Amino acid sequence: QKVLIVAAQVLIDDRTRGVIAYGDGIITSRNTFQKYYEQAELKAYIDQVLGVDAIPIALGIYFVFRDETQAEAFRAARFRSRTTAPRIRLKVSQFEQYRDRLQPLMDFYTDRGRLPSVAELGAQELTSLQATFGSIKRAFTVVLQATDAGEWDAIADKRRNDLLVYLALSHFGHRPKFKDLSPQLQQDIKALFGSYQQACTAADLMLMTLGRPEMLEQRCRQSPIGQQRPHSLWVHVSALDQLDPLLRLYEGCASRTIGRPEAATVVKFHVQKPQITYLVFAEFDKQPHPALKTSMAISLQDLYVRYRDYDPDNPPLLHQKDQTLAPDYPSYAKFAKLSQQEQKWGLLDDVKAIFDQRGWNHCLAAHGAELRGHRVVRRKQAD
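According to our numbering, the sequence shown is numbered sequentially starting from 3.
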């Protein structure tokens, strides 16, 4: 067995469900006492008993790996951002002729942000490249002739930032020794940083920057992705890996210890206090204005977790949901077109008035409008 899964009931102070927090447990609706753990307390207990650094997967659920190398590979993979191979821009005869042989090399660089070592490339691919180009580096030179070198550099920068976030967060647990990393991770660090010590130093510097509220607010306000609110930045979970590395680290401080809720749709980055809130919006893609169902707020000062359910009869709504997304999200254009329509109709002029479902319904009626899917149309007059 490679992985042990540990699960336990997590303490939630929620009177709407008929339970009240008391001491280290709850008093149920039947007036009985049950022992519960707080999420951070559960992790500390697992770590102490098993002598490990447990990995939170969801609320009350942790993974414990038998092999430390596999554990670190899993942690690093959780902070890997999405990348796509650069487009072919020029017709280069040698590239066109041997593209099938160069493709594995391009795929590897897109995945890792560096060239493979001789040992990492399959025997067949290596033999083919060496016979045609002489070496891996010469083969990649042909790739650079047909593509934009800057795009490959951008991929390397992304992978470098991925590693910085991973290593910075490892500071809170048991930062692994270099020998405990997988051979592939070791090669990544050597190629992208020069040495493990340099990588850890850079990660710790970024972690220190996280302690400066003004820097966090600046990165939030300068973010090209996310919906700007007076005291926060709202980002869809699909766009987290495209954020500035410092903001990824900010969210990682919460998800590494507490775990990101599986149903979370949007992450709220607070700018005036160290807090991350996970928001669950029902039917985000289907509903033009998704309703807020639940939220989980995590204070990074003491890791206190607060849960909240919202009134299903009159829930808060998310307007201009396209602003929380990256432009490559499916249906982004459709969502953005709806927001433009609503602005032209004047439906978004009074943000406070349309905060919840009733307010939004009143606004639509006042403007003689209604929604059909993700389109605004004039309301039909009743006979």
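We put the beta carbon where it would ideally sit given N, CA and C, even for glycine. For clarity, every value in this text was computed on a predicted model and none was experimentally measured.
- The beta carbon of R308 lies closer than 7 Å to those of A299 in the same chain, with the five residues before and after it left out.
- Note that the C-beta distance between V237 and L248 is not below 8 Å.
- Under the three-state reduction of DSSP, V66 is assigned to strand.
- Where T279 is concerned, the enclosing beta strand (DSSP E) starts and stops at Q277 to A284.
- Of the residues D243, A42 and I57, the one whose Cα lies closest to the Cα of L6 is I57.
- Per DSSP, the unbroken alpha helix (DSSP H) holding F97 starts and ends at S95 to Q99.
- Spatial neighbours of F135 in its own chain (CB-CB distance under 6 Å, excluding positions within 5 residues in sequence) are listed in chain order as A141.
- Counted as a single uninterrupted DSSP element, the alpha helix (DSSP H) harbouring T203 occupies residues Y198 to T211.
- CA-CA distance, S341 to G115, rounds to 37 Å.
- Residue pairing by DSSP puts T296 in a beta bridge opposite V282 and D311.
- Between L302 and A266, the CB-CB gap reaches or exceeds 8 Å.
- F81 sits in coil when the DSSP states are folded into three classes, being neither helix nor strand.
- In the structure shown, the three-state DSSP call for L251 is helix.
- With fewer than 16 other Cβ atoms inside 10 Å of its own Cβ, K179 counts as exposed.
- The straight-line gap separating the alpha-carbon atoms of R381 and Y306 is approximately 46 Å.
- Note that the region 101 to 119 touches the region 173 to 191; at least 3 beta-carbon pairs, one per stretch, sit closer than 8 Å.
- Residues F97, A148 and T149 of the same chain have their beta carbon placed closer than 8 Å to that of I90, with the five preceding and five following residues left out of the count.
- Apart from sequence neighbours up to five positions away, the residues of its chain that approach Y198 with a beta-carbon distance below 7 Å are F180 and I191, ordered along the chain.
- Listed in chain order, the non-local C-beta contacts of L183 below 6 Å within the same chain comprise E74, local neighbours out to five positions each way being set aside.
- In terms of CA proximity to T129, L104 leads the group A355, L146, L104 and E153.
- Non-local beta-carbon contacts of H291 in its own chain, meaning distances under 7 Å to residues more than five positions away in sequence, involve L319, L320, H321 and W362 in chain order.
- Inter-segment contact for the region 274 to 288 and the region 38 to 49 is absent: fewer than three beta-carbon pairs are separated by less than 8 Å.
- A133 places its beta carbon 8 Å or farther from that of L251.
- Counting only the Cα atoms, D69 lies some 23 Å from L61.
- Going by beta carbons, G254 and V120 fall outside the 8 Å limit.
- Note on geometry: alpha-carbon atoms of V145 and M108 lie some 8 Å from one another.
- V268 is the residue among V268, T86 and F67 whose C-alpha sits nearest the C-alpha of K323.
- When the beta-carbon positions are compared, T85 and K160 come within less than 8 Å of each other.
- With a contact defined as Cβ atoms closer than 8 Å, V378 and Q345 miss out at about 10 Å.
- S234 sits close to H272, with the two beta carbons spaced by under 8 Å.
- Non-local C-beta neighbours of T71 in its own chain, meaning closer than 8 Å and more than five positions away in sequence, comprise D182, L183 and S184, ordered along the chain.
- Residue burial is scored here from C-beta neighbours: G348 has fewer than 16 other C-beta atoms within 10 angstroms and is therefore classed as exposed.
- Residue A293 holds the alpha-carbon nearest to the alpha-carbon of Q359 among P329, A293 and L350.
- Restricting attention to L52, R177, E219 and P88, the CA atom closest to the CA of E153 is found in P88.
- In the structure shown, the three-state DSSP call for P58 is strand.
- In the DSSP annotation of this structure, the continuous segment of the beta strand (DSSP E) that includes Q230 starts and ends at Q229 to R231.
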